[in-house]
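Each remark here refers to the structure printed beneath this line.
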Amino acid sequence: MTSVPGRRSSTFTRLLRHGFTDPSAAERLLDGPEPAAVRDDPVLLDALGGTADPDLALLGLVRLLEAQTGATGRQELLDTLIAAKPLRDRLLGVLGASEALADHLARHPDDWQALVTYEARDLHPGVTEFEHGLASATDAVSLRVAYRRCLLSIAARDVCGTTEVSETAAELADLATATLRAALSLAEAAAPEDTALCRLAVIAMGKCGGHELNYVSDVDVVFVGEAVNGADEDKALRAATRLASHMMRICSENNVEGTIWPVDANLRPEGRNGPLVRTLASHRAYYRRWAKTWEFQALLKARPVAGDLALGEEYVAALRPLVWQAAERENFVADVQKMRRRVIDTIPTAEVDRQLKLGPGGLRDVEFAVQLLQLVHGRTDTSLRSGTTLDALGALAAGGYVGRADAAQLDDAYRFLRSLEHRIQLFKLRRTHLVPEGDADLRRTGRSLGLRTDPVTTLNREWRRHASVVRRLHEKLFYRPLLDAVAQLAPGEARLSAEAARERLVALGYADPGAALRHLEALASGVTRKAAIQRTLLPVLLGWFADSADPDAGLLNFRKVSDALGKTPWYLRLLRDEGAAAENLARVLSAGRLAPDLLMRAPEAVALLGDGEAGGLSPRSRDHLEQEIIAAVRRADGAVQAVAAARGVRRRELFRTAATDIVGSYGTESQPAEADQGALVDLVGGAVSDLTAATLAGTLRAVVREGWGDTLPTRFAIIGMGRFGGHELGYGSDADVLFVHEPRDGVDEREATDAAGKVVAEMRRLLQIPSADPPLLIDADLRPEGRSGPLVRTLKSYEAYYRRWSLVWERHALLRAEPVAGDEDLGRRFVELIDPLRYPSAGIGEDDAREIRRLKARMESERLPRGTDPKLHAKLGPGGLSDVEWTVQLIQLRHAAHEPGLRTTRTREALAAAREAGLIPAEEAAVLDEAWVLATGVRNAVMLVRGRAGDTFPSDPRELAAVGRYLGYGPGRAGDMLDAYRRTARRARGVMEELFYGGS
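Just so we're on the same page, this note's numbering is the position in the sequence shown counted from 1, plus 1.
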C-alpha cells in the first residue's frame, strides 16, 4: 500500500473510521505477508471494527496467521474467516477481548478450529460436552491446553452475545466441574493404591457450587472421604488426602502453560487448621457443634461435582437440613450483624472506588442480601433453596419476600456488574475485581459490553448507576416487604405473611417483632403525605436501627418522635431532604436511653441533626452558650422562669453533645467513626463542663436579679472543682464547686454572708425543681471542713483557713480548682490565693506523700460498692480513673512549682506535660492516657445507654452490647471489649503502682 507523502492513505482513514486507535500500526500489520490475501476485503475490516479492541484483534489475527504451519494452514484459516460469519465473529471477538486467549492461540495455532462448529449442542454445552473436550488430557500440561480450548468456545459465545451472563457463568462452572473430574482422574491414575483404599467426593462451594463462576476465580471445594471395603479408616483418610492434594496441585500449580485456577479448600471445617479430608460423620459432628453462621451460609451453594458422587449426595443430604436451622441458632442475629457490615477497611483506600465485588453497591451486597433472606425464609419455603443468586432472587420475588420491582432492578444491576467483571477478567485471564483506570482498558471493556458511543464515559456512568441501585436497594430489600405486609397498598401482589414478617424481624435483631410490626403499621399505613414519606424513609431507617444494639428501641423512639412532630412540615422535609439528618436520627434513637429521653422532652431539637441553618452537631462555645442563657434570663419574668429557660438550653445542648458523641462513635455512611477516642472524650468533657458553667452563670444572674436587682451586696464567685474544674464532666456528673464571696465596700460582713448563703440555697433549689429538663445537682463537699464547714466563705476566711488548718487532701483537691462563674476578679484572686498551696515551691514532703497514698488505699478498700468486680470498675478499680488521676496529681504537687506545664486542672494536659518534662517515660504516659480515656469512655457510654450514671459495665446483655458498639466493638464482641478493658487497666495499674506507691 503506497500513498502520497504527507497525505494519509485511504486505508488509514478507513481504519480510523472502523475504531482503530493506532491506524498506522494497523496499516503496517495489514501490509505484512500473512494477511495479504484479505487486506482489502471490506468484510474483514467491518468484522474487526465490531470487536472490543480492533487493534488488539488485528494483532492477534496476524500472530495466529504467523503461527500456522505452512501456506496451506494460513489459507484455510483465511478462507474460513472470510466465508463463515459465525467463525469470523467468534474468533475476532475473542481476539479483540482477550489478550490471554490470543496468546493461547499463538501457542496452539490449530485450536481456532474449536470455534468453527456451530451446531445446536455447541450453543449450550454442559458437563458432558466439556468432559469430552478434556478427554485427551494425559497430564497437567495437556489439561491446561484442553481447558483453554474449551474456554475459547465459552468466551466466543459470551462476547458474541450468544449467551447471556448467567449462562456464561453456568458454563464456566460446568467446565470447572469437568476439569476437577479430569484432575482427580489424573491423580487417581498416578496413585492406584490410594484409589483402592478410599471413596473421595469433591463438593463444590461458592460460585462454582452455585453454578455462577467467573472466568478467573478460586474454585472453592470441600472433600469428604470414607474407607472402602473395610479398609482402615486412618489409612483411607491419608490416601484420600494425598489424592485431594494432588488434584489441587494439578489445577493450581504453574507450568509451561500457566495455571488453570487455584483450588481453595479453606471453607472446610476449621479452615486451614482443619484436616483437608474428613469423613461424613466428622463433617456432621462439626456442623452440629461448632460451625458458625457464615459456614451454614456457605453450605447454601454446596454441590457434589467430582469423585464419588453418591458420597457427595450423602454429604449434601446430611448437612443441608442444618442450613435451614441456622436462623434458629442463638448467635444468628449477632453473626448476621457482623456479616452485614461491609469490611471496606480491608480494601486499600485507592481501590475502594473501583471495587466491583466488595465495595459499596458491589456484587457482595447483592449476594449477601439474597443469601440472608434464603436462610430466614428458606426454612419453611423450599422454593427458595437455589444456590444460584439470580434464581434465588427470582424465587424471593415470586414468593413476595422481596418487592417485584426491587428484585427486577437488582437483577438488572447484578447482571451488569457480573458482565463487567467477566470482561475485565477475560482480558488477561487474571483474577481481579477492580474496574481499570486507563482509558484504553475502559474503552475496550465498554465496547465489549456494547457501549460504542463514547465507551469510557458511558461505561463509568452505567457502572455508577448500577452500583447506586444496589446501594439503594441493599437495605430496602430486607425492609420494604415488611412495610408492604402491614400497609397493604398494592392489592394483588404477593406479600409477606405475618409469620414471615416476624421471622425476618427476629433475624435482623428485633427482639419483639410483634411490637415492631405494630409500630410499622402505625407509621406506614394510610394515604397521607406523612405516611407516604415515612414509607420512603423507613426501609433505610430500619436498616440503621438493625445496625445498633437495640433496634426495637430505635423503632419505638422513631414512632414517638414522629407522633410528636409528624404534622410539622419541617420535620418530614428535614428527614427527606437533608442527607445526614435521617441517619443521624436513626443512630441517636437506637444507641441508648439518654439521647432519646432528652429529645422526647422537646422533640423539635431533632432539627439539630440536620445540616441546615438550625442544624450542626458541633458543641457551642462557652461564650456563645452564656450569651444565649443570659439573654433568656433577661427576658424571663422572675427567677423560676429564668432558670427554667436556662435548663431548657442545657437540655438542648446536652442532646446536641450526646448526638455528636453517638454519631462520632458509630460513624455514618459518609463519615467514618472517630478513630481517636480521646478526641471524643475531650469533646464531651469540654462541652458538658462549658454548658454547666454557662447554666450556673445564668442561674446566678437570675437569682441575684430576683432578690437584689442588679447588684448583690457582696462579690460572688463559683469555683469549679473535681471534674468540673478539670473540664472533664460526664453526662451524669454533679457540679463540684466552692462558693466564695467578698463584701462590697460599706457592707456588713454578716449581711454579705447571709446574702451569699441565700444565693447558694436558691440556686440549688431552682436547678433541682422537678421538670421536663434534667436537674443540675450542685455538690460543695470539697469545701474546707467538708460537710461540717459553712457552705460559703469570704475570701479572707478561705485565706485564714488554708493558712492555719488546711489538710493535705484539701491541697490535693485544689489542683482541680478553676473559676467558672460570677465575679471574674474575685475568681482570679481566689486562684492567686490557692496557687502556693497546690503548687508548693518545695514540693511536698514524704509525710504528705505518705498521707496521700494512705488516703488512696483507704478509698480503694472502703468506697468500692459491695459485690462489684473491682477489675471492671472504671472509677475506683485497678487502672481506673482514680489510679491515673492520683498518680498525675502527686506529680503535680511535687513538681508543678518548677514545671509551668503541670499547672493545669486537666488530667491529660498534666500527663502530657509530665511526659515532656521527663517526669514520666513516654511509654508509661501512653499507658496511663489510654486507660484514662477508656475508663472515661466507659462511663460516658453507660450513661448514654442506660440513661443514668454508672461506673461499671452493665449486666444486661443488650445494654452491654450497646456499650460495646459505642466503644467500637461490633456485634457479638462484648467479651472482647471486657478483655481489652481488663488488659488496659492491668497495664495502667502496673505503671501506677511504680509511680505512685513506688517512691519519689
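Even for Gly, the Cβ is constructed at its ideal location relative to N, Cα and C.
If you measure between the beta carbons of residue i and residue j, is that distance less than 8 Å?
i, j, result
"G593", "R904", "no"
"E422", "L357", "yes"
"D884", "M993", "yes"
"T389", "G211", "yes"
"G259", "R145", "yes"
"M944", "A950", "yes"
"A414", "V470", "yes"
"L238", "V203", "no"
"I83", "L45", "yes"
"R554", "S591", "In the sequence under discussion, the amino acid at residue 554 is Ala, which differs from the Arg named in the question. Taking 8 Å as the Cβ cut-off, A554 and S591 qualify as a contacting pair."
"A188", "L244", "yes"
"A660", "A587", "no"
"C151", "F131", "yes"
"T715", "V748", "yes"
"L600", "F656", "yes"
"I719", "G787", "no"
"F1005", "L796", "Not covered by the structure: residue 1005. The range shown for the chain is 2 to 1001."
"A240", "D195", "yes"
"V939", "Y970", "no"
"A395", "P482", "Rather than Ala, the amino acid found at residue 395 in this sequence is Gly. No, Cβ-Cβ distance for G395 and P482 is not below 8 Å."
"P604", "T658", "no"
"S842", "A645", "no"
Buried or exposed for residue i, please, with buried defined as at least 16 other CB atoms from any protein chain shown within 10 angstroms of its CB.
i, result
"K302", "buried"
"H625", "exposed"
"L929", "buried"
"M860", "exposed"
"P901", "exposed"
"Q326", "exposed"
"S666", "buried"
"N893", "The amino acid occupying residue 893 in the given sequence is Gln; Asn does not appear at that position. Label assigned to Q893: buried."
"G20", "buried"
"H1", "The structure shown does not extend to residue 1, since the chain is modelled only from 2 to 1001, so the question has no answer here."
"T169", "buried"
"R343", "Legend: pLDDT at R343 = 47, less than 50; position of this residue unreliable, value from coordinates given subsequently. Buried, since its Cβ has 16 or more Cβ neighbours within 10 Å."
"A986", "buried"
"N255", "exposed"
Could you tell me which of the options sits nearest to residue i, measuring between CA atoms?
i, options, result
"L610", "D638, G727, P263 and W571", "W571"
"R854", "A875, R829, T888 and I83", "T888"
"L539", "V507, S498 and R473", "R473"
"R380", "R505, R416 and D336", "R505"
"R724", "P34, L435, E35 and V821", "V821"
"K208", "T196, A191, C199 and D175", "D175"
"T12", "D42, A757 and A581", "D42"
"P1", "S99, G687, A107 and L124", "As shown, the chain starts at 2 and ends at 1001. That puts residue 1 outside it, with no answer to give."
"V809", "G363, D826 and E852", "E852"
"Y998", "S956, L891, E750 and R40", "L891"
"T129", "L79, S99, A107 and T180", "T180"
"L557", "L576, R574, A512 and G527", "A512"
"A408", "Q642, L397 and E917", "L397"
Exercise for the section: Count the CB pairs spanning the stretch 699 to 708 and the stretch 766 to 784 that are closer than 8 Å, and state whether there are at least three. Expected result: yes
Handout entry: Touch test, the stretch 438 to 449 against the stretch 104 to 119, Cβ-Cβ under 8 Å, three pairs minimum
Key = Output reads no: the stretch 104 to 119 does not touch the stretch 438 to 449.
Handout entry: Meets three-Cβ-pair contact criterion under 8 Å: the stretch 290 to 300 and the stretch 243 to 262
Key = no
Handout entry: Three-pair Cβ contact test at 8 Å for the stretch 263 to 280 versus the stretch 206 to 225
Key = Pairwise C-beta distances place the stretch 263 to 280 in contact with the stretch 206 to 225, as three or more of them are shorter than 8 Å.
Problem - Cβ contact (3+ pairs, closer than 8 Å) linking the stretch 729 to 738 and the stretch 791 to 798 - result: no
Problem - Stretch-stretch touch, CB-based, cutoff 8 Å, three pairs: the stretch 134 to 150 with the stretch 164 to 175 - result: no
Handout entry: Start-end ranges of the alpha helix (DSSP H) lying completely within the stretch 833 to 882, minimum 4 residues
Key = 847 to 863
Exercise for the section: Give, in chain order, every unbroken run of the alpha helix (DSSP H) that is at least 4 residues long and sits entirely within the stretch 766 to 812. Expected result: 796 to 805
Exercise for the section: Let me know the alpha helix (DSSP H) ranges lying completely inside the stretch 97 to 142, each 4 residues or longer, listed in chain order. Expected result: 100 to 108, 121 to 124 and 128 to 135
Exercise for the section: Go through the stretch 957 to 983 residue by residue and report every complete run of the beta strand (DSSP E) that reaches 3 residues or more, in order. Expected result: none
Exercise for the section: Check whether the stretch 23 to 30 touches the stretch 68 to 83, counting contact only when three or more Cβ pairs, one atom from each stretch, lie closer than 8 Å. Expected result: no
Exercise for the section: Please determine if the stretch 190 to 199 and the stretch 226 to 234 are in contact, where contact requires at least 3 C-beta pairs separated by less than 8 Å. Expected result: The stretch 190 to 199 vs the stretch 226 to 234: in contact.
Problem - Contained alpha helix (DSSP H) runs [length at least 4] in the stretch 261 to 330, N- to C-terminal order - result: 281 to 290, 294 to 300 and 310 to 324
Practice task
Ignoring anything shorter than 4 residues or poking outside the stretch 167 to 229, list the alpha helix (DSSP H) runs there in chain order.
Solution key: Uninterrupted alpha helix (DSSP H) stretches at least 4 residues long and entirely within the stretch 167 to 229 occur at 193 to 198 and 207 to 210, given in chain order.
Practice task
Go through the stretch 333 to 420 residue by residue and report every complete run of the alpha helix (DSSP H) that reaches 4 residues or more, in order.
Solution key: 333 to 341, 364 to 378 and 390 to 399
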